[in-house]
Structures are given as C-alpha cells and as structure tokens.
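Data first, discussion second: the structure below is written as structure tokens.
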Amino acid sequence: MEAPVVPVFCTGVSAQVQRQRAKAQGLGRHEQALRYLGQDFGRLQEECRRSGSLFRDPAFPPAPASLGFRELGPGTAKTHGVQWKRPTVRLINGRDLGGIRMDIGDCWLLAAIASLTLNESLLHRVVPHGQSFQHGYAGIFHFQIWQFGEWLDVVVDDYLPTKDGKLLFVHSAEGSEFWSALLEKAYAKVNGCYEALSGGSTSEGFEDFTGGVTEWYDLRKPPPDLYHIILKALERGSLLGCSIDITSAFDMEAVTFKKLVKGHAYSVTGAKQINYRGQSLGLIRMRNPWGEVEWTGPWSDSSAEWNAVEPALRQQLMVKMEDGEFWMSFRDFLREFTRLEICNLTPDALQSRKFRKWNTRLYDGTWRRGSTAGGCRNYPATFWINPQFKIQLEEVDDDGDEVGGREPGCSFLLALMQKDRRRERRYGKDMETIGFAVYEVPPEHVGKSGVHLKRDFFLANASRARSEQFINLREVSTRFRLPPGEYIVVPSTFEPNKEGDFVLRVFSEKKAGTEHGGICTFTVAFARARRHLHRPSGIYTGMVTSTRAQRLLHVHGGIYTCTVTFTWARWHLHGHGDIHTGTVSSARARWHSHRHSGIYTGIYTFTVTFTHAQWHLHVHSGICTPRSPLPATTAPEPPPPPPLAQHFAGCKSPLP
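Residue numbering for the sequence shown follows the UniProt record's numbering, starting at 1 and increasing by one per position.
Listed below in structure tokens is the structure:
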C-alpha cells in the first residue's frame, strides 16, 4: 500500500510578512526599535502627565502571574508576602553598580548588566537617556532589548516586587539605585515572567543587550591562536568575559590564593604584546566589576615585573587603570580561568571608526514535524529535509601567514539560536538540543541558486565543519576557517520531529555571500491563462496563470495564503521561516492547516482550480521541481540507507 503523502505546512504568515515589511522599512534596527506589544512610550508618558496619574502596565501587571509559574507561581511559599511597590528616590544612573545582588538564579544577568557599564554608548542603547524619578516622572520607563534579530522598545511601570521591605530580585547594596531592577523587569516582561530568567549564561545577556553573537572557549583546551583571537576581538570592540568554574555551591564566591573570585564574571578590557627581557610576552587586562578584590600575582598593580618594562610603555599601560582593573600574563590567564566568552558586536553597535567591523547576515528558519525537522546526521533518512543555507566565501583573511604559517582561508562565525524558549517554559517546553553542519557544495551545483542537497549526497560526503557539539543551549556558535568556495549550512535539532523556530547568523571577516536556497518563488502555469502577480516587499514572488479558474483574493494588510487544488500531481510545498503558507490538496495527498497564535486561521485564501496542468513549484531550495504533469503514481523509493557511515558519528548526545 502506498504510503500517504505527508503535507508540508508553514505558520505565522501574517507575523512574518509584517516583520519582513517592517525590516524593509528599517524597523527593528536600534534607531527604529519596534514597540513591544504596540506600546508607545512617548504617548503613554504624555497621557500620564496630562491626567496626573502614574503609569500601571496592563501588559505586565504587578500581579502573581508576572512573578512565575512554578516555584514563583501564585500561592507558593516563595511568593507569600510579596508586595509590589514603586521606588521613591533618585534617577536612573548607570554608573553605580557596586554591590548588586540577586536572590534568584539569574546571576548571569547580573554579569551582563555589569559588563554593559564598561561601554557607555552600549549602555545608553539599552537604557535611553532622559529617564528620571524627578523631572517629568510618571511611573513609566522604557528599555531597548534585542530579540532574535530585532530591537524592541519595552515599556514598564516602576512597580517592583518586594518582600520584608527589600527588593526581591536584583538590587544595589545602597538600596537607592533602581535602574538595574527596572531593566530586569523589562527583560522579565519580554520573557513572560521573572521565573523564566532562572538559569542562563552571561553570553545570553550580552547578546540581548548588544545584538552581538557569542563564541565560547574552554581555556583548559584553548586553540593555538587564542591570543590572536582576543586581540582581533578587542580590535572590533567586542565584549569579553571570563570566569572560573565552580564544582559545588561551596565554591561560589570563594577567593583563590592570588585573589581571584570563583564563579564571578570578569571582563577582559585589553591585551598587549610587549618585549619583556628580550622575549615577546602577551598580557591581558582584566576587570572585576565589583572592584573589591584584585589579582595579586605577576603583573598585578605592584608586582616586580613592571620594573623591567620601559618607563614610557609602563606609563602607557598603567594610565587608564581603574579600581578593580589589573594586568596578568596570558599564560596565567589560561592557568587561572576556565571559560572565555566573546560577544562580537554587529556593525550597527560599533559607532567608533577605530573598530574593524564584521560583515553580518541573519536568516529566520523553522523546524516542522514531518517536513523540515530532520534531526542530526545520525538520522540519514531525514537529515536532508532540514533547512539548508548556502554561503559563499570569497575573500581570504589578511593575516593568512601571520599565525603559525596557516594556509590562506576565510574566517567566519556561525551562530544558531532557537527562539522564544524561555517564554514557553510555563507551557512545559525547554531548550531543544541543536547544532549544525557545513558541507562543500558539489561541483555540479556551484554557481546555482536554490541548491538543496539530497539524501544520497549526505550518505556519500562528510561535513567540512560542524558545531562542536549538539547542546541544549539557546545558541550554539563556532568559528571556522575554510578555503574560498561555496558551502551549505544545515541547522538541525538532535532528534527528528522536534519543532521550533530559529535564527541563523553568519559573521564573516571578509566579504561573504549568503543564500537561503530558492527562498520564495512558485509558479503555476498553463495555457490560455489569466495571471496574478503579487510581490510583498520582495519576500516572495508568485505567478498563477489559468483558464476558467475560480479565483478569490482577499487582501488584509498584505497577509496572503494560497490554496492550490489539482490532480495528476505530486507536490511539495515548503515555506521557510513563516514567510508564506499554503495548503495543497491532491488525489493522493492529505493536508494540514496550521494555526499560529490565532493570527492565521485559513480564512483568507487564494484558490485556483485546474486539471492537467503544467506546473513548477519551487520553494525553499528546489526540493520539488517537476516541470510537467505527473501521473498519479509514486516514484520508487531510494534503497534503504546503509549502516551509519563514519561521518555520521560526530553528533554527540544531548545534555541530560
């Protein structure tokens, strides 16, 4: 018996079309941040001033549901006695971060907030100027937070949760600074509640406050050119943080023999290669955001090593030292610290011309059960159906011969981020286990658009590069260096049929082209036709020609879906990243209509009816490209795959 055709569906058409149109108009960039939940800070503030009332946020009210859903859910012991109160003092001041502490598991957010103050221009991208508890105070504040490729302007009131007269979450030791608590509230609002912030990495905060992309390094197994990587990262204005791993709760905030604090996030603020006693020596400049304890080992403020340095150079290196800032050798840095995070900033975040900038590209994508959720390379029968992206590396790095005599190559960084997983925790969902692989485009497909490699290719070819592991973090990123050429990136979940939306970002040091194969074109054509051509913001192009066709076109803010009914056809319709949606029905097909957040319910349809049609449907990498009527038969299935080849063994098991 013939196996049923599994239909392919896409979701969120209206949201995606609107998002793409907004991007085409420049919305979502920091200078034109999108109003989160449609709330206009300026208008709401003016309304409060005119009425003489203080703002109370209906979208994130001072209520139990804003605290959490499980441990911080309504009626739990931790939330008993919680009162929401407004601050009564001062103005938002980003300079004083001394002594900020947290009572829930979001210390990663503290480190990100503390590092943010090291760069005043970045700080005021997140905390806009002109907000005060004095002049024009109306109980309303706003912050700008990056989320999955877009900047959001997030409005909050200043009701803060307190217990026993103290702020429940982030607060300053002095108790008189509230900007960090309000920023935390805005971040909780975007993620659904405060409890959703429990557990994370500093890099997540780095990215959401800068729009950058983070790479991680295990300092126990550093790459041979790590110092060179640090120098180049600082050259670009990247944010760098490092820490000493803890093995138990007793290690938290423990101080080492040379006065380094375990579990704390340190910032890397500089690096310098110097001549020391006739040899080249790499130095690293560090900062403890709390400024209370400093390194006392070699190259610390008063160490004897400085006496052997030329006075002019010593003065140059020491002139900008601040409280909590110190130097140490790169060798000691590797010995003392265990983890390094580098947040590479996007070009719009680098206002100074002195920084060299990355070339960046960002693409939305989706994994859907039965259509685009193929799992990792361990599942060769379905791996090929995952979304595929082509990148073209064109220009080699300038420093090909500078580091260890390396062959010329193109450096780039891939980052795969899954969307909205914190917000979905209250519904029992958590981070999926994700990763990606990179394959060289075979010669017969070089220079072509719409390339989507099939199963046989992946059975016969090993990846040229891949993420270091599949892991259940929000983002997986890896730096690569490959020869010039064309490559296919395949992002996936570890197991098949795991659904989710994602963002793939490509950071390249030199010019690099990117393409999501055949992103959005479909053509249905036959004789004696009338035609309709619709192009919303360049997102997709569709041409339908027909004779005696029934036609219904409903235009609702640029939101369109199409239903195509025909016989004698095999079909495949795949929309990538919620760009468009459709339902195809045929003699041997089942279909599925997917509703996404109530935005689209299949009400608005464009219907074309025809028979014996010549058609071409090419959506997302040319998965299906028949050009003539097909008989109602099924092509023979490819032979079953052989036992897993060695190159499929690279997928590691997910974290427990």
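Don't be surprised by glycine CBs; every beta carbon is placed ideally from N, CA and C.
Query raised in the report: So, W327 versus L283, is the Cβ gap smaller than 8 Å?
Result: Cβ distance < 8 Å, so W327 and L283 count as in contact.
Report task. Enumerate, from N- to C-terminal direction, the unbroken beta strand (DSSP E) stretches of 3 or more residues contained entirely within the segment 305-338. Result -> Given a length threshold of 3 residues, each whole run of the beta strand (DSSP E) inside the segment 305-338 is given here in chain order: 325-329.
Query raised in the report: When you compare only the Cα positions, how much space is there between A77 and K259?
Result: Between the alpha carbons of A77 and K259 lies a gap of roughly 38 Å.
Report task. Return the bridge partner residues of E215 from the DSSP annotation. Result -> Beta-bridge pairing links E215 to I342.
Query - At least 3 beta-carbon pairs within less than 8 Å: the segment 373-393 vs the segment 111-124 - result: By the C-beta criterion, the segment 373-393 is judged not to be in contact with the segment 111-124, since fewer than 3 inter-stretch pairs fall below 8 Å.
Requested in this report: Starting from L453, trace the beta strand (DSSP E) both ways and give me its first and last residue.
Outcome: Segment: none, L453 is in no beta strand (DSSP E) and carries neither H nor E.
Query raised in the report: Assuming W295 contacts M286 under a Cβ cut-off of 8 Å, what Cβ separation, rounded to an integer in Å, is found between them?
Result: Contact between W295 and M286 holds: CB atoms are separated by about 7 Å, below the 8 Å threshold.
Query raised in the report: Beta carbon of G139, beta carbon of C48: below 8 Å?
Result: Contact: yes.
Report task. Return the residue from the list K419, L414, P408 that minimises the CA-CA distance to P484. Result -> Sorting K419, L414, P408 by C-alpha distance to the C-alpha of P484 places P408 at the top.
Report task. Report all residues from its chain with a CB closer than 7 Å to the CB of E432; omit the five preceding and five following residues, and keep chain order. Result -> Only Q418, N472, T493, K498, G500 meet the Cβ criterion.
Query raised in the report: How long is the line joining the alpha carbons of A188 and E195, rounded to whole angstroms?
Result: Taking the CA atoms as reference points, A188 sits about 8 Å from E195.
Query raised in the report: Looking at S238 and R106, is the spacing between their C-beta atoms short of 8 Å?
Result: Before going on, a small fix: residue 106 reads as Asp here, not Arg. Not closer than 8 Å, so no.
**Report entry** Beta-ladder partner(s) of F206, from DSSP
**Finding:** Partner(s): none; F206 has no beta bridge.
**Report entry** 8 Å contact criterion, which P474 and E184 should meet: CB distance rounded
**Finding:** Sequence check: residue 474 is Arg here, not Pro. Contact doesn't hold; Cβ gap of about 18 Å is too wide.
Requested in this report: Over the uninterrupted alpha helix (DSSP H) stretch that includes E235, give me the two end residues.
Outcome: Per DSSP, E235 belongs to the alpha helix (DSSP H) from 226-235.
Query raised in the report: With DSSP run on the structure shown, which of helix, strand or coil describes F141?
Result: The answer is strand: DSSP assigns F141 an E or B state.
Query - Exposure of H142, with buried meaning 16 or more beta-carbon neighbours within 10 Å - result: Burial call: buried.
**Report entry** Run of the alpha helix (DSSP H) containing G42, from where it starts to where it stops
**Finding:** Boundaries of the alpha helix (DSSP H) around G42: 41-51.
Query raised in the report: Helix or strand or just coil, what does DSSP make of Q418?
Result: Q418 sits in a strand when the DSSP states are folded into three classes.
Query raised in the report: When the Cα of R381 is compared with those of F457, P161, W151, which residue comes out closest?
Result: With the sequence shown as reference, residue 381 is identified as Ala, and Arg is not the correct amino acid for it. If we check each option's Cα against that of A381, F457 comes out closest.
Query - Expected contact under 8 Å - CB spacing of G365 and F502 to nearest Å - result: That pair is a contact at about 5 Å.
Query - Span separating the alpha-carbon of G297 from that of S303 - result: Their backbone Cα atoms lie some 7 Å apart in a straight line.
Requested in this report: List the whole-angstrom C-beta distance separating F206 from G200, where the pair is believed to meet the contact cut-off of C-beta under 8 Å.
Outcome: Not quite, the Cβ-Cβ distance comes to about 11 Å (not below 8 Å), so this is no contact.
**Report entry** Nearest-angstrom Cα separation, counted from Q315 out to G149
**Finding:** Cα-Cα distance, rounded: 42 Å.
Query raised in the report: Do you know offhand how far Q147's Cα is from G270's?
Result: In a straight line, the C-alpha of Q147 is about 28 Å away from that of G270.
Query - Limits of the unbroken alpha helix (DSSP H) element including Y276 - result: From DSSP, Y276 is part of no alpha helix (DSSP H) but of the beta strand (DSSP E) over 265-276.
Report task. Report the residue from C410, G324, Y227, S371 whose alpha carbon sits nearest the alpha carbon of L281. Result -> Taking only the C-alpha atoms, the option nearest L281 is Y227.
Query - Residue span of the alpha helix (DSSP H) that contains K185, given as start and end - result: Counting along the chain, the alpha helix (DSSP H) containing K185 begins and ends at 179-191.
**Report entry** Unbroken alpha helix (DSSP H) run spanning R368, endpoints
**Finding:** Neither: R368 is in no alpha helix (DSSP H) and is coded neither H nor E.
Query raised in the report: Are L453 and W384 close, meaning C-beta to C-beta below 8 Å?
Result: Yes, they are a contact pair.
Query raised in the report: Quick one: Cα of F333 to Cα of E468, how far?
Result: Roughly 23 Å separates the two Cα atoms.
Query - Same chain only: Cβ atoms within 6 Å of D208, ignoring 5 sequence neighbours per side - result: Around D208: I145, W146.
Report task. Starting from P58, follow the beta strand (DSSP E) in both directions and report where the run begins and ends. Result -> In the DSSP assignment, P58 falls outside any beta strand (DSSP E) and carries neither an H nor an E.
Query - Contacts around R505, its chain only, beta-carbon distance under 6 Å, and the 5 residues preceding and following it disregarded - result: Excluding sequence positions up to five before and after R505, its CB lies within less than 6 Å of the CB of V213, L362, A415, all in the same chain and listed in chain order.
Query - Neighbour flag for N288 against chain C, beta carbons, 8 Å - result: Chain labels in this structure do not include chain C; a single protein chain is all it has.
Report task. Give every residue of the same chain whose Cβ lies closer than 7 Å to the Cβ of I342, excluding the five residues on either side of it in the sequence, and list them in chain order. Result -> The answer, listed in chain order, is T214, E215, A233, S238, L240.
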